[in-house]
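Heads up: the sequence shown begins at 395 in my numbering, then just goes up one per residue.
In this text, a Cβ means the ideal position worked out from N, Cα and C, and glycines have one as well.
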Amino acid sequence: MQEKQKQPLILTLRIDGASQTFFDAQRSRYFPPAQNFLQAHLTLFHQLPDQAAAWNYLQNLSFPTFHLEVNGLMLLGSGVAYTLESAELLRLHALVARGFVEVLVAQDRQKLRPHVTIQNKTQPEIARALLADLMATFKPFRVKAEGIDLWTYLGGPWQHRHYFPFV
C-alpha cells in the first residue's frame, strides 16, 4: 500500500512579539480582507518535504537569536512589502538549504530576498500609492529573530506544525 503524499512544508522566521504585532496590524489594514488568510510572515522556504529526515534536520539545528534591520519598502507589482536585511539571516538560510539541497524547488534555490508582505492582490495603482504614503514617513527599525516555524499549506490558510526556537 502506498503512503499518502504529504503536503510540503513552509518554513518561516519567527520574530519578536511587538514586531509581529506591528506587521500584522499593517497587513490587516492594507491587505484585501477576502484574501488575507495569514499573519504577516517572512518566508524562508516555500516547499520542504514533510519527511522524518527533514524534521530531524530542523530539530537538530542550533542557531542563536539575532536582529534584522527593517531597511525599506518595496513594490511587489500588486502589493507592498517591508524589506529586511541581516547577515545572520542569510547564514541561517544557507545552513537550512544545505540540509535540503537535493530536494529544493527552483523558488527555494533562488537568492533570499527577505521581506514581509503587508499588501498584495490589489490594483497596481493602489499599491504604488501605499508605497509612496509609507515611504514618506518610513524610518528603519530592528526586529529580533527568535526561531523558525513550520507550516502546511491548506489552499489558502496555513496550519502551524511546529516551532523551533533559537538558542
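Check: Supposed close pair Leu548, His556 - CB separation, criterion 8 Å; Outcome: Contact flag wrong, Cβ pair sits at about 16 Å.
Check: Helix, strand or coil at Phe457 [DSSP, three-state]; Outcome: coil
Check: Span of the alpha helix (DSSP H), counted from its first residue to its last, around Gln501; Outcome: Ala500 to Arg503
Check: Span separating the alpha-carbon of His435 from that of Arg408; Outcome: 8 Å
Check: Which listed residue (Ser480, Ala448 and Leu455) has its alpha carbon closest to that of Gln509; Outcome: Gln is not the amino acid found at residue 509; the sequence shown has His there. For the residues Ser480, Ala448 and Leu455, the minimum Cα distance to His509 belongs to Ser480.
Check: Closer than 7 Å: Leu525 CB and nearest the ligand SAM heavy atom; Outcome: As for the ligand SAM, it is missing from this structure, which has no ligand bound.
Check: Alpha carbon of Asp444 to alpha carbon of Asp418, nearest angstrom; Outcome: 27 Å
Check: Close Cβ partners of Thr516 (< 7 Å) along its chain, the five nearest in sequence each way excluded; Outcome: Pro426, Ser472 and Gly473
Check: Cα-Cα separation, Lys533 to Glu482; Outcome: 22 Å
Check: Sequence-distant residues of the same chain with beta carbon closer than 8 Å to Leu438, five excluded per side; Outcome: Leu405, Thr406, Leu407, Leu486, His487, Val490, Leu506 and Ile542
Check: Nearest to Asn430 (by Cα), restricted to the options Phe494, Gln513 and Val497; Outcome: Gln513
Check: Proximity to Gly550 [Cα-Cα], best of Ala539, Gln433 and Thr415; Outcome: Gln433
Check: Candidates Gln441, Leu524 and Pro559: closest to Val497 by CA position; Outcome: Gln441
Check: Straight-line gap, Met468 to Ala526 (C-alpha atoms, nearest Å); Outcome: 10 Å
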